[in-house]
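Inspection log for the structure reproduced underneath, given as structure tokens.
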Amino acid sequence: MELIEPKAKRHCKLRPKLPLPIIFKKDGSIKKFSANFNGFAVIVSDADDMKNLVSMGYFGKANFSRSYPQFTKSDTCKILRERQFKYRKDNFNHTNVKQPAEKVIVVPNSDEEDNNYFINLKPKFELDYSNIKETVWLGLEEAFFLTNVLGCLEVTYKNDILTVENMWELFSNTQPTFIRNYIVYYYYKAKKWVVKPGIKFGGDFLLYKQGPPFYHASYVVIIQIVNSNLENQMEDLSLDNVSLSALNRLCETAGKELLICKIHWPSQVQYNDFSNIEIEEVLIRRWVPSQERDEI
């Protein structure tokens, strides 16, 4: 069975950087990025930390940008889409708190920035009173990977720095599916994939080559837990024939393949030892008789 080649995106102006955000300081130690856990996600606010985490491995998601976030200095004029500026104007400019105005450049909306878009581009200056800043939100799996495996992230919660043990317990209590998600996340990171949330296509994860700015996602990953008797456990998504067929057709339409990641669940899982965990991958494809007749 031949695997599909990752499909490169057109008109990408970014250049790939290092695959992991590991930066060595002069004393030989690894630079630690700072983040804060708010009870739901891990938030990075420092501009340099955000830029390094997103550009080196594409960790996290900016809370305002749809694709690659903007990393502007305080003396640099920000560029906003019309929809972004309208949202800020409608939701933040009518508050009772007086905020200093910030001059921004507003450009037309566009899903694809082709040559025609830039030829007909007519930006304009506007005053933004919202005074809101873009931050990068890390998933719990990403934050734990950066802390435990790479050792480049320091997470605080209620003004205390979390240890790895504290994070494992806290994240497990916060998100019931955290442990299984992290196992699969770690598995595919070890295979050099860029792993992002897959909710947009009805899955648990999406797998990218290099990162979303450069390639379209190759696989939609569904996690399935089985016990020692090969019985399904902890299913959030129905995996009956009808559901699988529908999800597979959705993946085909989007130019992706459906991948079921089965975890043979052990009696106990420890964050520092996955040796007793077995993972099985099942690639789902629709069999078309007219196309496969020669192989019968």
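If you're matching positions, the sequence shown starts at 60 in the working numbering and goes up one per residue. A virtual CB, placed ideally from N, CA and C, is assigned to each residue, including glycine.
Is the CB-CB distance between residue 322 and residue 282 below 8 angstroms? yes
By the DSSP assignment, the beta strand (DSSP E) with residue 216 in it spans what residues? 212-216
Quickly, what does DSSP pair residue 255 with across the bridge? List them, please. 265
Output the residue ranges of the beta strand (DSSP E) runs that lie fully inside the stretch 88-149 and measure 3 residues or longer, sorted by chain position. 92-96, 101-103, 137-140
Do residue 102 and residue 196 count as a contact pair if the criterion is CB distance below 8 angstroms? yes
From residue 186 to residue 159, what does the alpha carbon distance come to, in whole angstroms? 10 angstroms
Output the distance between the C-alpha atoms of residue 214 and residue 202, rounded to the nearest integer angstrom. 8 angstroms
Quick check on residue 276: buried or exposed, where buried means 16 or more other Cβ atoms within 10 Å of its Cβ? buried
Does DSSP classify residue 196 as helix, strand or coil? strand
Environment of residue 304 [buried if 16+ CB atoms lie within 10 Å]: exposed
In this structure, how does DSSP classify residue 246 when only helix, strand and coil are distinguished? helix
Select from 205, 326, 235 the residue whose C-alpha is nearest the C-alpha of residue 81. 205
Could you work out which residue in 191, 168, 188, 189 is closest to residue 180 when comparing CA atoms only? 168
Compare the C-alpha of residue 193 against each of 119, 175, 207 and name the closest. 119
Using the C-alpha atoms, what's the distance from residue 117 back to residue 270? 6 angstroms
Here's a check: name, in chain order, each residue in its chain whose Cβ is nearer than 6 angstroms to the Cβ of residue 65, leaving out the five neighbours to either side. 268, 274, 277
Is it true that the CB of residue 241 sits closer than 8 angstroms to the CB of residue 266? no
Go ahead and pull the three-state DSSP assignment for residue 282. strand
Kindly confirm or deny that the stretch 308-321 and the stretch 340-347 touch, where touching means at least three C-beta pairs closer than 8 angstroms. yes
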